[in-house]
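Residue numbers for the sequence shown follow my numbering, beginning at 286 and rising by one.
Shown next, in structure tokens, is the structure this report addresses.
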Amino acid sequence: MKYVGYLTTFVAAVVVAVGLSVFSMGVMAEQQEQQQPAKESVDQSSICVAVSDEQALECPEGSLFLARLVISENDLQNPLLLENRVLNTMALFCDTNFEIEYTSTGVLCVLTHERVGMPAEDVNAIEAVEESSVEEDSVED
């Protein structure tokens, strides 16, 4: 008789736990659907290709954008410089509400001009860190 009580308590606890899990997952899914804005469609019939920042600024915002990477000899000697350029391109020109694709030849994303007007102090600080790391590497060699 004692085991029947234990078994009944265990089964009731499992049923309540499963019920609460299903309920909370449903509530979370509903909240997530409400929070995510519907992604607007992107015209995929054309793509703007740019090799420089100036060309990228001429591309229409919200269109597909391909930033072609020109690989220099410095990039081949220090792959971190190329990775840094790729990351900067993504951060400056890509709309992070859409997927960003990266290969060794370039970055494909939806273009945004929202972050183009970055404060000059931040850009100079990043360049100063890059220059100091390059100088340290050359001193070690």
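From the three backbone atoms N, C-alpha and C, an ideal C-beta is built for every residue, glycine too.
Computed from a prediction, not measured in an experiment: that's the story for all the values here.
Review point. Helix, strand or coil: which one does DSSP assign to F308?
Key: helix
**Study point:** Inter-residue Cα distance where the pair is S348 and S357
**Key:** 28 Å
Exercise for review: Go to L349, then tell me how far its beta strand (DSSP E) extends in each direction, as first and last residue.
Suggested key: 349–353
Check your understanding: Where are the beta strand (DSSP E) runs, 3 residues long or more, that stay fully inside the segment 361–390, in chain order?
Key -> 386–388
Check your understanding: Could you check where the beta strand (DSSP E) with C333 kicks off and where it finishes?
Key -> 332–335
Review point. Do three or more CB pairs link the segment 385–405 to the segment 350–366 at distances below 8 Å?
Key: yes
Check your understanding: Going by the C-beta, is T381 closer than 7 Å to any heavy atom of the ligand GDP?
Key -> Among the components of this structure there are no ligands whatsoever, and the ligand GDP is therefore not found.
Review point. What did DSSP end up calling V289 once you bin it into helix, strand or coil?
Key: Three-state DSSP puts V289 in a helix.
Check your understanding: Between I332 and C344, what straight-line distance do the alpha-carbon atoms span, to the nearest angstrom?
Key -> Approximately 9 Å, taken between the alpha carbons.
Review point. Does DSSP classify V401 as helix, strand or coil?
Key: coil
Check your understanding: Can you give the Cα-Cα distance for H398 and F295, rounded to whole angstroms?
Key -> 59 Å
Check your understanding: Under a Cβ-count criterion, where at least 16 other Cβ atoms within 10 Å of its own Cβ denotes burial, should F378 be classed as buried or exposed?
Key -> buried
Exercise for review: Alpha carbon to alpha carbon, how far is L367 from V301? Give it in angstroms, no decimals.
Suggested key: 55 Å
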